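Chemist:
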Amino acid sequence: MATQEDPVKLRVIALSLLLLAAPAHADDVITDLDVLLQNFGWDLDATEITSETVAQGLHVLFGAGGNIAVSIGDDGVLIVDDQFPALQQKIERAIGGLGGGRVDFAINTHWHFDHAEGNLGFGPAGTILIAQSESGEKMATGGLVNLVTARYQQPAYPENARPTVTYDEQMKLHFNGGEIELLHDGPAHTAGDTAVFFRAHNAVHLGDVFNNSGYPFIDADSGGGIDGMISFCKAVLAELRPDAIVIPGHGPVTDDAALRRYIEMLETVRGRVAKLIADGKTLKEAVAAKPTADLDAVYGPESESLGFVNRVYTSLTRDQ
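The sequence shown runs 36 to 355 under our numbering.
Here is the structure:
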C-alpha cells in the first residue's frame, strides 16, 4: 500500500482537494455545484470508478471526491461516502463487479458535497443513510463551505437524501460477519465527523479528518479546528491494532504508521502557528512565514492546499 511518504504519487492525485482554482474573486459565493466542480477540474462524465480490495469483503472505490469504502457479504452492501449522483451508476457497476448488489446502507463521514452529494441518488433509491447528528443537521439546513480560495453555499438536501439514522458519539452495526463501529470524537475536520471502523478487518475510514494526498482542509468556519483534528486522529489511532488498514478521505489507502506521522505533522504545524500567534503575527504574516516549509516535500506544497496554515491560524485564534 502507498504511504504518506510517496511524494510522487501524492502529486498526481488529481482528485484531491488541493488543486482548486480560485474564482475571479475569492470572496464570491458559488451557489452552482457545476461551477465549483469546473474549478476543481472534475469532469464527472469522464470520471472512471476504480477499485482496490484491501481485505476479504472490504474494498475501496476511487472516482471524483471522497474515497468510498465498500463492505460486501451475506448481509448485503454497506458503503462509506457516496461521491456524486452523476456517478451512481458507475459506482453500482463497480460494486457489482466486486460481487455486490444494491447498496443497503451508506454512511456519510461528514456533510461536504464531495462525500455526501451522492445521497441525492442513493437515498431516493432506498439506501438507508447514516451520519453523525451534526452532519445530519447540516444536510437538512445547508451551509457555507469556506475553502479559502473559494466559498460554496451547499444547499439543504431534500428529506429523502438526508440521513434517517443519526448518532451522537458512538454507534455499532453488526453486518457482514463483523462489527462496524462509528465514532465521533468531537469537532475536527467539521463539527460532525465520523470514523468508521471495520473491526473484523482492523480497518478504518477516517473521511477528511485524514487526508493522504497532502495537507488537510479544516472547515474552521463550520466548527472544525486543528486541536480537534489532532485529538480525533489520536482517538482513532488508539483504537487500531498494529498494521491497520487506514482509508483516508482522499489519496491512497495506507496504514497506522502513516496516520501516526500525519499526527506528528499536525502537532508540529499547530505548535509553529501558535508561536507565530503568540509573537503577534497577523494571519498574512503567519502564512508568509511558511511554517510548513520543511514538511512540504511530503505534504505540500502548502501553497496548493486549501489554506491549511490559514485554517490552523483561524481555528486557534477563534478558540482563544
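The C-beta atom is built at its ideal place from N, Cα and C for all residues, glycine as well.
This one's a predicted model, so the numbers in the text were calculated from it and none came from an experiment.
In its own chain, which residues sit with a C-beta less than 8 Å from the C-beta of LEU113, not counting the 5 before and 5 after it?
Modeler: Along the sequence shown, read from residue 1 onward, the residue named residue 113 stands at position 78. Here the set comprises VAL105, SER106, VAL138, ASP139, PHE140, ALA141, ILE142, LEU208, PHE210, ASN211, ILE215.
Chemist: Can you tell me which residues form a DSSP beta bridge with MET206?
Modeler: Here residue 206 refers to the residue found at position 171 of the sequence shown. BP columns for MET206 point to LEU217.
Chemist: To the nearest angstrom, report how far apart ASP329 and GLY249 are at their CA atoms.
Modeler: Taking the sequence shown and counting its residues from 1, the one referred to as residue 329 is at position 294. Taking the sequence shown and counting its residues from 1, the one referred to as residue 249 is at position 214. Using only the alpha carbons, I get a separation of about 14 Å.
Chemist: Can you list, in chain order, the stretches of the alpha helix (DSSP H) that have 4 or more residues and sit fully within the region 102-188?
Modeler: The region 102-188 contains these whole alpha helix (DSSP H) runs: 123-132, 148-151, 154-157, 168-176.
Chemist: Is the region 291-308 touching the region 110-124 in the sense that three or more CB pairs, one from each, lie closer than 8 Å?
Modeler: Counting Cβ pairs under 8 Å, fewer than three are found: no touch.
Chemist: Would you mind sorting LEU52 into buried or exposed? The rule is 16 or more other CB atoms within 10 Å of its CB.
Modeler: Counted from its first residue, the sequence shown places residue 52 at position 17. The predicted position of LEU52 is uncertain, since its pLDDT is 41 and thus under 50; no value can be drawn from it.
Chemist: Assuming the contact rule is C-beta atoms closer than 8 Å, ASP243 and GLY284 should be a hit. Round their C-beta distance to whole Å, please.
Modeler: Mapped onto the sequence shown, residue 243 falls at position 208. Mapped onto the sequence shown, residue 284 falls at position 249. Sure, about 4 Å apart at Cβ, within 8 Å.
Chemist: Pull the bridge partners of ALA64 from the DSSP assignment, please.
Modeler: Residue numbering aside, residue 64 sits at position 29 when the sequence shown is read from its first letter. Ala is not the amino acid found at residue 64; the sequence shown has Val there. Answer is ARG186.
Chemist: I'd like to check one pair, THR349 with ILE312: are the Cβ atoms closer than 8 Å?
Modeler: Your numbering for residue 312 matches position 277 in the sequence shown. Your numbering for residue 349 matches position 314 in the sequence shown. The answer is no: Cβ separation not under 8 Å.
Chemist: Could you tell me the alpha carbon to alpha carbon distance between ASP228 and THR66, rounded to whole angstroms?
Modeler: Here the question's residue 228 lines up with position 193 in the sequence shown. Here the question's residue 66 lines up with position 31 in the sequence shown. Roughly 24 Å separates the two Cα atoms.
Chemist: How should ASP203 be labelled, buried or exposed, when 16 other C-beta atoms within 10 angstroms of its C-beta is the threshold for buried?
Modeler: As a working mapping, residue 203 is identified with position 168 in the sequence shown. By the 10 Å Cβ count, ASP203 comes out exposed.
Chemist: Is VAL333 near VAL95, with beta carbons less than 8 Å apart?
Modeler: On the sequence shown, position 298 is the one that residue 333 refers to. On the sequence shown, position 60 is the one that residue 95 refers to. No, these two residues do not count as a Cβ contact at 8 Å.
Chemist: Measuring only the C-alpha atoms, how far is ARG128 from LYS316?
Modeler: Counting from 1 along the sequence shown, the entry for residue 128 is found at position 93. Counting from 1 along the sequence shown, the entry for residue 316 is found at position 281. Cα to Cα, ARG128 sits roughly 52 Å from LYS316.
Chemist: For PRO120, collect the residues of the same chain with a Cβ closer than 7 Å to its Cβ; drop the 5 residues on either side in sequence, then sort them by chain order.
Modeler: Translated into positions along the sequence shown, residue 120 becomes position 85. Within the same chain, PRO120 has close Cβ partners GLU152, GLY153, LEU155, GLY156.
Chemist: Would you mind listing the beta strand (DSSP E) stretches within the region 258-332 that are 3+ residues and don't spill past its ends, in chain order?
Modeler: Listed in chain order, they are 280-282.
Chemist: With distance defined between alpha-carbon atoms, name the residue in ARG234, LEU241, GLY100 nearest to LEU79.
Modeler: What you label residue 79 is simply residue 44 of the sequence shown in a count that begins at 1. Nearest of ARG234, LEU241, GLY100 to LEU79, Cα basis: GLY100.
Chemist: Got a sec, what are the start and stop residues for the alpha helix (DSSP H) SER350 sits in?
Modeler: The residue labelled residue 350 in the question sits at position 315 within the sequence shown. 343-353 is the span of the alpha helix (DSSP H), which, as asked, contains SER350.
Chemist: Could you compute how far the alpha carbon of SER170 sits from the alpha carbon of TRP146?
Modeler: Residue 170 sits at position 135 when you count from the first residue of the sequence shown. Residue 146 sits at position 111 when you count from the first residue of the sequence shown. Cα-Cα distance, rounded: 5 Å.
Chemist: For ASP354, collect the residues of the same chain with a Cβ closer than 8 Å to its Cβ; drop the 5 residues on either side in sequence, then sort them by chain order.
Modeler: The residue given as residue 354 occupies position 319 in the sequence shown. So the qualifying residues of the chain are GLY260, ASP262.
Chemist: Along the beta strand (DSSP E) that carries THR85, what are the first and last residues, could you check?
Modeler: Here residue 85 refers to the residue found at position 50 when the sequence shown is read from its first residue. Unbroken beta strand (DSSP E) run through THR85: 85-90.
Chemist: Classify PHE343: buried if its beta carbon has 16 or more other beta carbons within 10 angstroms, exposed otherwise.
Modeler: Here the question's residue 343 lines up with position 308 in the sequence shown. Its Cβ being crowded by 16 or more others within 10 Å, PHE343 is buried.
Chemist: In chain order, what residues of the same chain have a beta carbon less than 6 Å from the beta carbon of ILE427, not counting five sequence neighbours either side?
Modeler: Nothing about residue 427 can be read from this structure; the chain reaches only from 36 to 355.
Chemist: Note down, in chain order, each residue of its chain lying with its Cβ closer than 8 Å to the Cβ of VAL239, except the 5 sequence neighbours on either side.
Modeler: Residue mapping note: residue 239 aligns to position 204 of the sequence shown, counting from 1. Contacts found: ALA230, VAL231, PHE232, PHE233, VAL271, GLU274, LEU275, ALA279, ILE280, VAL281, ILE282.
Chemist: What three-state label does DSSP hand ASN246 in the structure shown?
Modeler: Here residue 246 corresponds to residue number 211 of the sequence shown, with the count starting at 1. Residue state, collapsed to three classes: strand.
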